[in-house]
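> Below: one structure in structure tokens.
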Amino acid sequence: MLTLLMYVVLGAAAGTLAGLFGIGGGLIIVPVLILSFETQNVAPEVMTHLAVGTSLATIVITSISSIKAHHAKEAVRWDWFTFIAIGIVVGSALGVKTAGMMSGEFLQKAIGIFAILIAIQMGLGLKPKASRTIPGRPGLIAAGGVIGWASSIFGIGGGSLTVPFLSWCNTKMQTAVATSAAIGFPIAIVGALVNIEEGWGNPLLPEYATGYVYWPAFIGIVSTSVIFAKLGAKLAHKLPSTTLKRIFAVLLLIVGSRFLLS
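Following my numbering, the numbering of the sequence shown begins with -8 at its first residue and continues without gaps.
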């Protein structure tokens, strides 16, 4: 019961972050799931992969709610989304296969490094200088491939990469966040499906897991993430997020350091 309650609270936090920052919530879901799986004595060989796959599965649902909220404000650039999504499909599948070639320990340390880098970027407000315009169709497809590949490795919705990329291309922040939320959907659905295939039949997986997706965690997280994603999306259009980003950055720094030093 306590574990299920933790998943419900995690879903609320992840949903809010997904709507507020366009990051899909994976940056908090994956670390907390790893810690949860440790207490449940899940085999170390599959623990991190299971956290990544489950995170991507929850983002499928969370992103739908976030997309609806941002679309209602006409903030999503669907013309960009179409071509980025083409690259996303290929990149996400390759990302899962890449993660599958890593040991659980190596993947966990890679996630720790990524969390620290994002913490530094968010905490210091580092942004690429808006020095160019949105690239043409081949450029958008290529960007989608890179974003999808990295996002599937780390179990995130891609916002940590998509928002800086769109900001670099002189995109207004609200539009970047909204479009990033939309891009999180194809990343998550392809990543989740390939993670199920990648882990299918692994004897080390716990009960109620299908491949690298653990359904009790999925159900607990999505039960609240959908509601709170709408709240986060509304806050993104009303509140300055600098303070919240710095608080979140400190949390990521602690989590990332813990993974590296464990």
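For glycine and all other residues, C-beta sits at the position ideal for the given N, C-alpha and C.
Confirm the yes/no value for this check: CB of L115, any heavy atom of the ligand ATP, distance under 6 Å.
As far as ligands go, the structure on display features none, and thus does not contain the ligand ATP.
> DSSP has T201 in a bridge; who is on the other side?
V204
> I'd like the span of the alpha helix (DSSP H) that includes S46, first residue to last.
P35 to A63
> Using C-beta distances below 8 Å, list every residue in its chain close to G127, excluding the 5 sequence neighbours before and after it, in chain order.
none
> Rounded to a whole number of angstroms, what is the C-alpha to C-alpha distance between Q31 and A134?
C-alpha separation (whole angstroms): 38 Å.
> Candidates L243, K59 and K225: which alpha carbon is nearest G175's?
K59
> Check I79 in the structure and name its three-state DSSP category.
In the structure shown, I79 sits in a helix (DSSP, three-state: H, G or I).
> Nearest CA to the CA of I125: which residue from T166, M93 and Q99?
T166
> Can you look up W191 in the DSSP assignment and give me helix, strand or coil?
coil
> Which residue wins for smallest C-alpha separation from A66, given the options I52, V21, L85 and S171?
S171
> Could you tell me the alpha carbon to alpha carbon distance between G103 and G86, rounded to whole angstroms?
17 Å
> By a C-beta neighbour count over all protein chains shown, 10 Å radius and 16 as the cutoff for buried, is M92 buried or exposed?
exposed
> Name the residue from G82, I138, L24 and R237 whose alpha carbon lies nearest to the alpha carbon of T(-6).
L24
> Answer yes or no: do T49 and Y205 have a C-beta to C-beta separation smaller than 7 Å?
no
> Taking the continuous alpha helix (DSSP H) assigned at P22, which residues delimit it?
Residues G17 to T30.
> Looking at S143: is its Cβ nearer than 7 Å to the Cβ of G182?
yes
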